[in-house]
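Chains as they are written, first to last, in the working numbering: chain A, 0 to 228; chain B, 687 to 939; chain C, 78 to 269.
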Amino acid sequence: MYLWILDLLADVRTSGPVGSSWLEVTDVNHETTSGKPCILDTEEATSRVYRRQDEVTLLRASLDGETAAWGEIVTRYKDAVFGLCLGFLRNRADAEDIAQDAFVRAYVNLRRYNLEKKFSTWLFTIAANLCRNRLRYRRNHPVVEPPDSIPGGGDPAVTIAREDRQAKIKAALSRLPYSYRAPLVLRFYNDLPYRDIGDILGIPEGTVKTRIHRGKALLKDLMEQGSDS
Amino acid sequence: MNAMARILVTLLLLVGLTATPLFGQVDLSTYEQLLVLLPLTEPDRALAALETGLSQPGFPATQVKSLIELLIATPGPNESKNEILFLLVRTIESGYSVTDLLPAEQMLTEAMAEGLPIDGIVLEALKGIAQRRSAIVIEQGIDHRLSLLRGVRDLLFQKSLFSTPEGQSSSAAGALPESRFNALLTNVADTISDFLEGGGSPFDSTVLYAQVEDRLTKLSQGASPSIPASDVDLVLERIGPDDLKRVALEAVS
Amino acid sequence: MMKNHDLEDVLRDALRHEVAQELPQIGALEERVVEMLGDRSPRRGLIDHMRQMIAPTRGGRLGQMVVVGATAAAFLMVGLFLSDRGLPLADPSVGASGLATRSNQEVLFVVPAPEAVSVAVVGDFSNWEAVPLADDNSDGIWTASIPLSPGRYEYAFLIDGLWRGQDLLADEHVENYGQFTSVRYVSGGDGA
Numbered sequence: 000m001y002l003w004i005l006d007l008l009a010d011v012r013t014s015g016p017v018g019s020s021w022l023e024v025t026d027v028n029h030e031t032t033s034g035k036p037c038i039l040d041t042e043e044a045t046s047r048v049y050r051r052q053d054e055v056t057l058l059r060a061s062l063d064g065e066t067a068a069w070g071e072i073v074t075r076y077k078d079a080v081f082g083l084c085l086g087f088l089r090n091r092a093d094a095e096d097i098a099q100d101a102f103v104r105a106y107v108n109l110r111r112y113n114l115e116k117k118f119s120t121w122l123f124t125i126a127a128n129l130c131r132n133r134l135r136y137r138r139n140h141p142v143v144e145p146p147d148s149i150p151g152g153g154d155p156a157v158t159i160a161r162e163d164r165q166a167k168i169k170a171a172l173s174r175l176p177y178s179y180r181a182p183l184v185l186r187f188y189n190d191l192p193y194r195d196i197g198d199i200l201g202i203p204e205g206t207v208k209t210r211i212h213r214g215k216a217l218l219k220d221l222m223e224q225g226s227d228s
Numbered sequence: 687m688n689a690m691a692r693i694l695v696t697l698l699l700l701v702g703l704t705a706t707p708l709f710g711q712v713d714l715s716t717y718e719q720l721l722v723l724l725p726l727t728e729p730d731r732a733l734a735a736l737e738t739g740l741s742q743p744g745f746p747a748t749q750v751k752s753l754i755e756l757l758i759a760t761p762g763p764n765e766s767k768n769e770i771l772f773l774l775v776r777t778i779e780s781g782y783s784v785t786d787l788l789p790a791e792q793m794l795t796e797a798m799a800e801g802l803p804i805d806g807i808v809l810e811a812l813k814g815i816a817q818r819r820s821a822i823v824i825e826q827g828i829d830h831r832l833s834l835l836r837g838v839r840d841l842l843f844q845k846s847l848f849s850t851p852e853g854q855s856s857s858a859a860g861a862l863p864e865s866r867f868n869a870l871l872t873n874v875a876d877t878i879s880d881f882l883e884g885g886g887s888p889f890d891s892t893v894l895y896a897q898v899e900d901r902l903t904k905l906s907q908g909a910s911p912s913i914p915a916s917d918v919d920l921v922l923e924r925i926g927p928d929d930l931k932r933v934a935l936e937a938v939s
Numbered sequence: 078m079m080k081n082h083d084l085e086d087v088l089r090d091a092l093r094h095e096v097a098q099e100l101p102q103i104g105a106l107e108e109r110v111v112e113m114l115g116d117r118s119p120r121r122g123l124i125d126h127m128r129q130m131i132a133p134t135r136g137g138r139l140g141q142m143v144v145v146g147a148t149a150a151a152f153l154m155v156g157l158f159l160s161d162r163g164l165p166l167a168d169p170s171v172g173a174s175g176l177a178t179r180s181n182q183e184v185l186f187v188v189p190a191p192e193a194v195s196v197a198v199v200g201d202f203s204n205w206e207a208v209p210l211a212d213d214n215s216d217g218i219w220t221a222s223i224p225l226s227p228g229r230y231e232y233a234f235l236i237d238g239l240w241r242g243q244d245l246l247a248d249e250h251v252e253n254y255g256q257f258t259s260v261r262y263v264s265g266g267d268g269a
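In structure tokens form, the structure reads like this:
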């Protein structure tokens, strides 16, 4: 009983073929930087228009099959989703794959998104699940690759204290077990509240707090180990 | 005695049993004697359909008799036999030409002999009849879906996932009880078939994989799931998008 | 020894720095995603059933919410009223999935079709034979309640004999050779 309500709203507002409603609305307020009425190139026009739309409007348009509207959603969430994946998976190639996969999956399953929940939470949940699956798959199909594939692990010629600490913490993060790493990334990269983190990872809020607390302690230990070399 | 020999002997016995007159005339009593040997849920309905068939010009009575005999002689689960015959019944009831669908019935029977779970494919064929699709399309659908079913089964075997007969158990990680293996096999193959029939391309393997994952995950949710979550994890750990692409490509070529 | 909030700052910076370095290298994600999707629509087709029931309004959002709320309430009331009526049932499908009939869930099928003379549902649970729906109070809403064991069921409605494969209450739809079918997942305990 969730998304069909959205569908219903969309159709009740539409007078023409599915998908034309938003065009009608925006035709009325089109503006250009020069203030003149214009005959815009369609693609240029649509992306400019999408940039101004609010999220619900974009989601509705995406539901109607406007993949370009979904493109705008991807743009808005790219950093967050890619960052999540990179933090979870610790290598760029996998993170890229999964981020792309997450956006495709989210679109394909848009019907099932429950409007009452935050869209970002839903999207991040898909990404987190895909990351977990990838890690499982990787366990059974080990690829020969350097232990820390993130570059910047430490250019010995340039050891500024801050960079050095960053390099150490990144290495330590890679060594953390997934169940500690994931909440840390969601908290300190995506800046999410504990409750959202719990929703995304499917664990209770209390567990989130414990994992983060313990995760930080583990990071410290790992970093101190590293500095003994 | 191997399976082939067993089938042949049974067929010979059946021929003797049905006491078909020398010129091979088939009548209702022929069918009546044969149907008794099948585990049917609606035997009266089956007989009524065959009676209707016999009254139609061009009804391939002898071939239908051979099909029923084959069904009796072929080893397989009772449910599957019932379903294959039920498909024949619906074919006649819905006014389809039995001649057009006989090859498909035979394919299903052979697949059953291989131990493949054909129930999902029979349901798809029944759906095709309900949609009034042409017999050719229904027949091709059965052919393609059987092909995919075999392909997915081979893939599962390659990934060391296999079925152990009910009642036996194996400690190997990929060994699943027959019913659970068949549930996975049926659903993965069915998802790929739906994807291809809906116009999807095997090269869209990310989307295809997402759909497979989605279907299996949904079936593993709730208080009494059809498929245990651990089975879903097992399959998704071992199979990736490229595997599905390969299977789908082999099926369409 | 690092203080706690120092660690947090370092972690934050490190993660942001990482993404800032890696993200530009992956190119135009948006374009690739859109390209992969082609012109696939997550939801297809028109919602003609609902149109029949609800006059299109161009009223404000409040008006629309009232309409939607009324519809939802109607469904809910119908569902509550009918949940323990014994409506015509299909012969349990022998082959659907070979499952034992454990923890059957009563699944409600609802079709708003005020102009129809006959409405039926066909699906995996009925071997694709027609199970009639009933509109006993002649309010244009046809219903049937069918007990289903856990699993996945494809189905469609026949409204005056015409195939209608897009049920709004479905969990998903499949398309084969251009025709749609609805799908419901039944899980023991909470039902779709």
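Yeah, the Cβ is synthetic: ideal placement off N, Cα and C, and Gly gets one too.
Stretch pair the region 203-219 of chain A + the region 120-133 of chain A: three plus CB contacts closer than 8 Å: No: fewer than three Cβ pairs fall under 8 Å.
Tell me whether the beta-carbon of C:Ala211 lies closer than 8 Å to the beta-carbon of C:Thr220. Position 134 of the third sequence, counting from 1, holds the residue named residue 211 of chain C. Position 143 of the third sequence, counting from 1, holds the residue named residue 220 of chain C. Contact check for C:Ala211 against C:Thr220 passes: the beta carbons are separated by less than 8 Å.
Are any of the Cβ atoms in chain A nearer than 8 Å to that of B:Val893? To locate residue 893 of chain B, count along the second sequence from 1; it is residue 207. True, the Cβ-Cβ gap to chain A drops below 8 Å.
Give me the DSSP bridge partner(s) of C:Glu107. Counted from its first residue, the third sequence places residue 107 of chain C at position 30. According to DSSP, C:Glu107 shares a beta bridge with no other residue.
Find the residues of chain A that neighbour C:Glu183, judging by a C-beta separation of less than 9 Å, and give them in chain order. Residue 183 of chain C sits at position 106 when you count from the first residue of the third sequence. Near C:Glu183 there are no residues of chain A at all, since even the closest Cβ is about 17 Å away, more than 9 Å.
If you run the structure through DSSP and keep just helix, strand and coil, what is B:Ile913? Position 227 of the second sequence holds residue 913 of chain B. In this structure, B:Ile913 counts as coil in the three-state DSSP scheme.
C:Ser222, enclosing alpha helix (DSSP H) - first and last residue: The residue labelled residue 222 of chain C in the question sits at position 145 within the third sequence. In the DSSP annotation of this structure, C:Ser222 is not part of any alpha helix (DSSP H); the continuous beta strand (DSSP E) holding it starts and ends at 218-225.
Taking 6 Å as the limit between beta carbons, can you name the residues of its chain near B:Leu935, skipping five residues before and five after? In the second sequence, the residue the question calls residue 935 of chain B occupies position 249. Around B:Leu935, the same chain offers Pro888 as residues with beta carbons nearer than 6 Å, after the five sequence neighbours per side are excluded.
Please return the same chain residues whose Cβ sits closer than 8 Å to the Cβ of B:Gly814, not counting the five positions on each side in sequence. Walking along the second sequence from the start, residue 814 of chain B turns up at place 128. Within the same chain, Val823, Ile824, Gly827 come within 8 Å of B:Gly814 by CB-CB distance, once the 5 residues on both sides are set aside.
Just list the alpha helix (DSSP H) runs in the region 742-798 of chain B, keeping only unbroken ones of 4 residues or longer that don't cross its boundaries, in chain order. Within the region 742-798 of chain B, the runs of alpha helix (DSSP H) that reach at least 4 residues and sit entirely inside it are, in chain order, 747-759, 764-779.
Can C:Val196 and C:Val188 be called in contact, C-beta distance under 8 Å? Taking the first residue of the third sequence as 1, we reach residue 196 of chain C at position 119. Taking the first residue of the third sequence as 1, we reach residue 188 of chain C at position 111. Yes; because the gap between Cβ atoms is below 8 Å, this pair is in contact.
Mark A:His212 as exposed unless 16 or more other C-beta atoms lie within 10 angstroms of its C-beta, in which case mark it buried. In the first sequence, the residue the question calls residue 212 of chain A occupies position 213. A:His212 counts as exposed, since fewer than 16 other beta carbons sit within 10 angstroms of its beta carbon.
Beta-carbon proximity check, A:Leu58 vs A:Phe102, cutoff 8 Å: Counting from 1 along the first sequence, the entry for residue 58 of chain A is found at position 59. Counting from 1 along the first sequence, the entry for residue 102 of chain A is found at position 103. No, they are not a contact pair.
Under 8 Å between C-beta atoms, does C:Arg109 make it to chain B? The sequence position of residue 109 of chain C within the third sequence is 32, counting from 1. By this cut-off, C:Arg109 is not an interface position.
Strand pairing of B:Leu721, partner residues [DSSP]: Within the second sequence, residue 721 of chain B is the residue found at index 35, counting from 1. None; B:Leu721 has no bridge partner.
Whole-angstrom distance between C:Glu249 and A:Leu109, CA atom to CA atom: To locate residue 109 of chain A, count along the first sequence from 1; it is residue 110. To locate residue 249 of chain C, count along the third sequence from 1; it is residue 172. If you take the alpha carbons of A:Leu109 and C:Glu249, they lie about 11 Å apart.
Spell out whether any CB of chain B is found under 8 Å from the CB atom of C:Pro227. Here residue 227 of chain C refers to the residue found at position 150 of the third sequence. Among the CB atoms of chain B, one or more fall inside 8 Å of the CB of C:Pro227.
Using 8 Å as the cut-off, can you tell me whether the region 90-108 of chain C makes contact with the region 899-918 of chain B, which would need three or more C-beta pairs spanning the two stretches below that distance? Counting Cβ pairs under 8 Å, fewer than three are found: no touch.
Using a Cβ-Cβ distance under 8 Å, would A:Thr120 count as near chain C? Numbered from 1 along the first sequence, position 121 holds the residue referred to as residue 120 of chain A. Output row for A:Thr120: interface = no.
With 8 Å as the threshold, decide whether the Cβ of C:Ala190 is near any Cβ in chain A. Here the question's residue 190 of chain C lines up with position 113 in the third sequence. It does not; no Cβ of chain A falls within 8 Å.
Measure the C-alpha to C-alpha separation of A:Lys77 and A:Ala98 and round it to an integer number of angstroms. Here the question's residue 77 of chain A lines up with position 78 in the first sequence. Here the question's residue 98 of chain A lines up with position 99 in the first sequence. Each residue's Cα considered, the two are about 8 Å apart.
Taking the alpha carbon of B:Leu726 as the reference point, which residue from B:Tyr895, B:Val938, B:Ser906, B:Glu765 has its own alpha carbon closest? Numbered from its first residue, the second sequence carries residue 726 of chain B at position 40. Closest by alpha carbon: B:Glu765.
Taking only beta-carbon positions, decide if B:Leu862 is within less than 8 Å of chain C. Start at 1 with the first residue of the second sequence, and residue 862 of chain B comes out as number 176. Judged by the 8 Å Cβ criterion, B:Leu862 is not in contact with chain C.
Suppose you measure from the CA of A:Ile38 to the CA of B:Asp928; what does that come to, to the nearest Å? Looking up residue 38 of chain A in the first sequence gives position 39. Looking up residue 928 of chain B in the second sequence gives position 242. Note that A:Ile38 scores a pLDDT of 42, beneath 50, so its modelled location is shaky; the value from the coordinates is reported in the next line. Their backbone Cα atoms lie some 45 Å apart in a straight line.
Span of the alpha helix (DSSP H) holding B:Glu878? Within the second sequence, numbered from 1, the residue matching residue 878 of chain B stands at position 192. At residue 878 of chain B the sequence reads Ile, which differs from the Glu that was named. Looking at the DSSP string, the run of the alpha helix (DSSP H) that includes B:Ile878 is 864-883.
Which word fits B:Leu802, buried or exposed, when buried means at least 16 other C-beta atoms lie within 10 angstroms of its C-beta? Numbered from 1 along the second sequence, position 116 holds the residue referred to as residue 802 of chain B. Residue burial is scored here from C-beta neighbours: B:Leu802 has at least 16 other C-beta atoms within 10 angstroms and is therefore classed as buried.
Would you mind sorting B:Met793 into buried or exposed? The rule is 16 or more other CB atoms within 10 Å of its CB. Translated into the one-based positions of the second sequence, residue 793 of chain B becomes position 107. Burial state of B:Met793 is buried, judged by a 10 Å Cβ sphere holding 16 or more other Cβ atoms.
Looking only at its chain, what residues have a beta carbon closer than 8 Å to the beta carbon of A:Ile199, apart from the 5 residues adjacent to it on each side? Counted from its first residue, the first sequence places residue 199 of chain A at position 200. If we look at A:Ile199 and ignore the five residues flanking it on each side, its Cβ neighbours are Thr120, Phe123, Thr124, Ala127, Leu185, Leu191.
Exposure of B:Thr748, with buried meaning 16 or more beta-carbon neighbours within 10 Å: Taking the first residue of the second sequence as position 1, residue 748 of chain B is located at position 62. Under a 10 Å Cβ-count criterion, B:Thr748 is classified as exposed, with fewer than 16 other Cβ atoms of the shown protein chains found around its own Cβ.
Give me whichever residues DSSP pairs with C:Val184 in a beta bridge. Working through the third sequence from its first residue, we reach residue 184 of chain C at position 107. Under DSSP, C:Val184 shares a beta bridge with C:Ile223.
How many Å lie between B:Ala821 and B:Ser780 at the Cα? Against the second sequence, residue 821 of chain B aligns to sequence position 135. Against the second sequence, residue 780 of chain B aligns to sequence position 94. Straight-line spacing of the CA atoms in B:Ala821 and B:Ser780 works out to 11 Å.
Among the candidates A:Phe81, A:Gly70, A:Thr56, whose CA atom is the shortest distance from the CA of C:Val96? Within the third sequence, the letter at position 19 stands for residue 96 of chain C. For the options A:Phe81, A:Gly70, A:Thr56, the alpha carbon positioned closest to that of C:Val96 is the one of A:Phe81.
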